[in-house]
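S.K.:
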Amino acid sequence: MTTPNGRQQEPTSSKTAARTPRGPLAGLRVLDLTWVLSGPYAAMTLCDLGAEVIKVERPPYGDIARTTGPFLGEESAYFISINRGKGSVSLVLRSPEGRKFAQASSSRIQPATIAGRRSTTSYPKSTSST
């Protein structure tokens, strides 16, 4: 593509433009292996805080959220809303290529630990007859 002043320039779009990481998690890489709502939403929040998030989906269908309406043309607005800002890759983690990707990615990813304890709360059984 040639600019008005005659310079050569690569075409860019919002989907391909480089994202400059900003925020407290800038420089961190997260693999999002989740689907539907809770996990993708949490990963989106990490992305909003500056982490590079790569969503891993299994072929041929990917995340089931892709089939959830409402739709913008042929794309799920719901899926777009909870996966904004993320990179994406579709692969079978059991395949040689998938294992290679997982090994290469995990060598650059530090596992995170969330402080907390297993819940010991118990709830009484319902005595209702309905």
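All you need for the numbering used here is the position in the sequence shown, starting with 1, plus 287.
We put the CB at the ideal spot given by N, CA and C, even for glycine.
1) Is it buried or exposed, Asp335, if we count other Cβ atoms within 10 angstroms and call 16 or more buried?
2) Under DSSP, the alpha helix (DSSP H) around Ser368 begins and ends at which residues?
3) Per DSSP, which residues does Asp319 bridge with? Please list them.
4) May I ask which residues mark the beginning and end of the beta strand (DSSP E) holding Ser375?
5) In the DSSP output, what is Ile336 paired with across the bridge?
6) Work out the CA separation of Lys373 and Glu339 for me, nearest whole Å.
7) Please report the residue range of the alpha helix (DSSP H) in which Ala352 lies.
8) Please report the distance separating the alpha-carbon of Leu320 from that of Glu344.
M.R.: This is what the structure gives:
1) exposed
2) Ala364 to Ile369
3) Lys342
4) Looking at the DSSP string, the run of the beta strand (DSSP E) that includes Ser375 is Gly374 to Ser377.
5) Note that residue 336 corresponds to Leu in the displayed sequence, not to Ile. Paired residues: none, contrary to the question.
6) 7 Å
7) Where Ala352 is concerned, there is no enclosing alpha helix (DSSP H), given that its DSSP letter is neither H nor E.
8) So the alpha carbons of these two residues sit roughly 7 Å apart.
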